[in-house]
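Numbering (this note's numbering), first residue to last: 89 to 843.
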């Protein structure tokens, strides 16, 4: 989802409107985040549904689609907020089904249905039939029609649930229910406090280090100079028996609401909030681009020495720090990054583009304000603190999260700089800046074309009755394989302004490939290839590209930001002829190496495209030394190295930066060589239907598995052989499935099929 103001670290809607995080849990090896979603309407006019993201590491998130829709009478006007309880073999979901009756109602005391609905899922995505647990008539008599947002957990074998509510006399409160099963939930008590608004939303009740906290979002509190500065608030009470302490806000910035917490497998309690606010006076320009809002980064919660909650970014974020340098006066840096400051003078100013944080020791006022129009109506938020001890700023492409004094105070805001390269300045403090690079994206450069697949095998070309067009090109196929497994990929190429280019773009988008770096030209057409197949599905190609659009790709179009999140850059030899695309490859490799990405090369020989085979060999050896991984087939080995024996060829192939050499052997599997030795992997014996794109699928799935196991450029050379074998085995299983289907990208399996 690349595009203006699209972020690298935060969860955003694919399109449309996003608000409250829901159903946070860890299940089946993945973190799951569900959210309030109105697709197609960036201002949130359509009925709410639940969207779904998953992540293996809390850093790299993949959108999985809509999992709960408004499809029964009890939720006909929206699947509102709720929670999840994860078991070993299933997940239970609880949410509010919203119903708005037609008629002349005030929708506070009458005319509105608020149903607690229960759903089971065996996998976090597919849902059972819905079951209504509670209706309006089941709530205490003092409640209005506004009862919602069930947060459910199990404690000592007992189901517990809190619900946000509004009383008939306009007082906010939280209802507590308990039961041995979901069918036996009974109302137990009501949490309330004077002068705390007319409605409490999104409740949560949890413990930190022996202290109990009640979190909720009160509506209707008068705004103040230093407290309650937003229209709606979000915070917590400390609970001591029936007593509630003074209310503390979670966040003092412009954009924060509806947080929810959950516990990780290692026992940390994490909080994720909506980085937005309902009915705010300021705007988000992304509505013009078809989407709006995001969620906060996950925050680790701990109890401070004063009994208040400390919030800090998840420790996983530290793994993204790539380069740290001092901020001496002013500096320019590409988003995203982190700024850390300490050693403060009596007057402090730290700025990220137009957002400025200042602190004055004499007044104790810390202010977040905008000095230009990047806040789109956001003016100033401020707190009063007796001392400033630390300042940590996480700056993503269009958001800032500011952690003050070890997370005792937090301020977050959206901001919208025109460029990703922004000015950072600091005075009155010792500040440093660290680049944050997720490095989760496979970037491929080279040809994307249309393969014309014959309707018959094992025949002469003139005997073929018809051909079916399919998106192909080795780099594009590698992207498709990586993305279909749940990874992020990006294709860099040039297509013609023709129907074939449109088909390729649409196919890649449907496979989850980022196409924002594809250029288009009217100077040449999209490349075409006519495929011939033997009886066992093996393919040969006849190309039409003299020249094709990809060959004319302008090297100046290669920009550093294309590789901000690059895990690996992959390329082949087809586009390394004497034309501009070769220079684009060189520029891409230079940037990728500078960014610390793996460089992967599959020569993928296509002799018919080269008048001079010696020139082909020379260009392959020109590029091999700058690569970390070289994949060749047993059929290519002798041409490239002059050796028919891999043992003799290896000293040549381990040239320059090369750390892994992969030798694919078709139906006999694959071998991988490193400085630690060799491992082999046999492929499952299957009946091949179509081998088009099989080698591309192999390297795409190998790279995906390599990243999923935590192997990057920094530890690739020392990667244990057992890990390499696991990657080879995975890639072979991937290929065994794909060759039993027709086509390249359409044949590639998703992760669930391989498991």
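Even for Gly, the Cβ is constructed at its ideal location relative to N, Cα and C. It should be emphasised that the depicted structure is a prediction, and the values quoted were computed from it without experimental measurement.
Query                                                                                                                                                              : Result
According to DSSP, simplified to helix, strand and coil, what is residue 253?                                                                                      : strand
What do you get for residue 489, buried or exposed, if any count of 16 or more other CB atoms within 10 angstroms of its CB means buried?                          : buried
Starting from the N-terminal side, write out each stretch of the alpha helix (DSSP H) that is 4 residues or longer and does not extend beyond the stretch 664-706. : 668-682
If you compare alpha carbons, which of 338, 517, 336 and 387 is closest to residue 418?                                                                            : 517
Taking the straight line between their C-alpha atoms, what separation do you get for residue 743 and residue 296?                                                  : 54 angstroms
Does the pairing of the stretch 100-116 with the stretch 388-401 give three or more beta-carbon distances under 8 angstroms?                                       : no
In three-state terms, what does DSSP make of residue 795?                                                                                                          : helix
Could you work out which residue in 833, 225, 601 and 129 is closest to residue 532 when comparing CA atoms only?                                                  : 601
What residues in its chain sit with their C-beta under 8 angstroms from that of residue 129, if we drop five residues either side in the sequence?                 : 104 and 105
With distances taken from CA atoms, which of 324, 158, 153 and 598 is nearest residue 338?                                                                         : 324
For residue 860, is the classification buried or exposed, using 16 other Cβ atoms within 10 angstroms of its Cβ as the cut-off for buried?                         : The structure shown does not extend to residue 860, since the chain is modelled only from 89 through 843, so no value can be given for it.
When the Cα atoms are used, what is the spatial distance from residue 536 to residue 634?                                                                          : 15 angstroms
From residue 826 to residue 773, what distance separates their C-alpha atoms?                                                                                      : 13 angstroms
Alpha helix (DSSP H) containing residue 840: first to last residue?                                                                                                : 839-842
For residue 93, write down the residues that DSSP places opposite it in a beta bridge.                                                                             : Paired residues: none, contrary to the question.
Pick helix, strand or coil for residue 98, following the three-state DSSP scheme.                                                                                  : coil
Have a look at residue 278 and residue 265 and give me their C-alpha separation to the nearest angstrom.                                                           : 9 angstroms
In angstroms with no decimal places, state the Cα-to-Cα distance between residue 830 and residue 814.                                                              : 26 angstroms
Go through its chain and collect everything with a Cβ distance to residue 444's Cβ below 7 angstroms, but skip five positions before and after it.                 : 437, 457 and 459
Going by the beta-carbon positions, is the gap between residue 326 and residue 360 smaller than 8 angstroms?                                                       : no
By Cβ distance, which residues of its chain are closer than 6 angstroms to residue 251, with the 5 residues on each side in sequence left out?                     : 235, 238 and 263
Can you name the residues that DSSP bridges to residue 104?                                                                                                        : 379
Which of the three DSSP states, helix, strand or coil, is assigned to residue 498?                                                                                 : strand
How many Å lie between residue 310 and residue 284 at the Cα?                                                                                                      : 9 angstroms
Name the DSSP beta bridge partners of residue 560, please?                                                                                                         : 537
Any idea if residue 203 is buried or exposed, counting beta-carbon neighbours within 10 angstroms, 16 or more meaning buried?                                      : buried
What runs of the alpha helix (DSSP H), each 4 residues or longer, lie entirely inside the stretch 791-836?                                                         : 809-826
Using only the alpha-carbon positions, how far apart do residue 133 and residue 126 sit?                                                                           : 7 angstroms
Helix or strand or just coil, what does DSSP make of residue 602?                                                                                                  : strand
DSSP has residue 139 in a bridge; who is on the other side?                                                                                                        : 123 and 154
Give the secondary structure of residue 572 by DSSP, where H, G and I count as helix, E and B as strand, and everything else as coil.                              : helix
Decide if the stretch 400-408 is in contact with the stretch 368-377; the criterion is three or more beta carbon pairs, one per stretch, under 8 angstroms apart.  : no
Bridge partners of residue 659, per DSSP?                                                                                                                          : 689
Apart from the five residues on each side of it in sequence, which residues of its chain come closer than 7 angstroms, Cβ to Cβ, to residue 276?                   : 264, 265 and 266
Can you give me the C-alpha to C-alpha distance between residue 220 and residue 595, rounded to a whole angstrom?                                                  : 41 angstroms
What residues are listed by DSSP as bridge partners for residue 457?                                                                                               : 444 and 468
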